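Residue numbers (the numbering used here): 604 to 988.
All residues carry an ideal CB built from backbone N, CA and C; glycine is no exception.
As the structure is a computational prediction, the values presented were derived from the model and not from experiment.
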């Protein structure tokens, strides 16, 4: 064998070793890429939090009310009330025998609710929770309204406790935006729902169970959704109150937790563009149509007038309805597009047999599964001195 032959063999051997080294480097590089990708995914998932973290983080909100509750305890129960976009537009001031609920206009939603109608309805819902909870613990009282500043007052005295099924339902009530099981309700159940509302003066309730009438209501909901989703300002405002993952919802403790509506958790940065890509008017309309079709009925609330005091009473009435429905094992959700789009209100008023009036709230109800709870700000953060 010549030197050149041996040199050629050495060259090939070195080339082979080089190729082997390159393959090893490639494998190491690929492994590093996978490791980085895995670490990034883990960091993303960690940043989003988990459903169990979320459930643990808000569990104390719905703890049973103490038998001798403090003002802070009563406020916590009051804040479990429904409210527009879960903005929680309220503040509470505690007195010796009075608790005041003040509107927090820094949390208003001027596009969907330009006259603060939903804001004052929310205060009424909170006032009803407060009234029921205080009565159940031996301090019944009366809800009033001071037009100067739009303050809701709850004045109470020590007396015998007044327990109620509606009080027991406060911690279980939730707005369930999902498909129900399609079961109907009997006349006795409808009567109980109507009686729960009848104690609030000046508020009319129309219950729909006829499918033809419900289909007409559905058409108004879809028309309202079309109008809102075509409004860029509405979409921007809505997205600003969406919380796309457990950690974001726990961080803010307000807003609409999108996972509760059956959507997957998404990173903070991905949620808004994903909403634009996938949550179109058409897809939402299809979802609303399924939800309405699966519901047992629709409730429409109409106040005596179009002023904040009337809206507070509507809030009390619709909260009593929601709590009674919860006590009877039912779910509910709001379908307020026909009252939020002004041009649709007259048609809705005619549909419920009250032409010339302003409909205030629309709720669907029926039987369905539980969904994750909405978060609330801690009671101490909404109390002022």
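query                                                                                                                    : result
Residue 783 - DSSP class collapsed to helix/strand/coil                                                                  : coil
Backbone CA spacing between residue 696 and residue 678 [nearest angstrom]                                               : 10 Å
Nonlocal neighbours in the same chain, by C-beta distance under 6 Å from residue 689, ignoring five residues either side : 857, 858, 859 and 977
Rounded C-alpha distance that separates residue 919 from residue 730                                                     : 7 Å
Residue 901 and residue 981 closer than 8 Å at C-beta                                                                    : no
Cα-Cα separation, residue 877 to residue 853                                                                             : 21 Å
Residues near residue 618 by beta carbon distance below 6 Å, same chain, minus five either side                          : Confidence in residue 618 is poor, its pLDDT being 46 and thus under 50, which makes the residue's placement too unreliable to answer from.
Beta carbon of residue 932 nearer than 8 Å to that of residue 786                                                        : no
Nearest residue (CA-CA) to residue 915, options 803, 796 and 683                                                         : 803
Cβ-Cβ distance between residue 960 and residue 952 below 8 Å                                                             : yes
Identity of the residue in 789, 757 and 795 nearest residue 768 by Cα                                                    : 795
Whole-number beta carbon distance between residue 826 and residue 929, since they are thought to touch under 8 Å         : 30 Å between Cβ atoms; not a contact.
Beta-bridge pairing of residue 809 - partner residues as DSSP gives them                                                 : 903
Residue environment, residue 779, which counts as buried when at least 16 other CB atoms sit within 10 Å                 : buried
Residue 843 to residue 712 span [Cα, whole Å]                                                                            : 10 Å
Neighbourhood of residue 670 by C-beta, 7 Å cutoff - its chain only, sequence neighbours within 5 removed                : 740
Member of 725, 705 and 834 whose CA lies at the smallest distance from the CA of residue 922                             : 725
Per-residue burial, residue 693 [other beta carbons within 10 Å of its own, 16 or more giving buried]                    : buried
Reference residue 702, options 885, 744 and 821, closest by Cα                                                           : 744
Cβ pair residue 811, residue 820 closer than 8 Å                                                                         : yes
Residue 744, enclosing beta strand (DSSP E) - first and last residue                                                     : 744-749
Close-in-space but distant-in-sequence residues of the same chain around residue 716 (CB under 8 Å, 5 per side omitted)  : 687, 722 and 943
Contact set for residue 675: own chain, Cβ-Cβ below 6 Å, skip 5 residues either direction                                : 982
Whether residue 939 touches residue 884 by CB criterion (8 Å)                                                            : no
Residue 925, buried or exposed, once every other Cβ within 10 Å from all chains shown has been counted against 16        : buried
Nearest-angstrom Cα separation, counted from residue 749 out to residue 971                                              : 39 Å
Own chain, CB closer than 7 Å to residue 644, minus 5 neighbours either side, in chain order                             : With a pLDDT of 49 at residue 644, under the threshold of 50, the modelled position of this residue cannot be trusted; read the value that follows with caution. Hits under 7 Å: none found.
Alpha helix (DSSP H) segment containing residue 798, residue limits                                                      : 790-801
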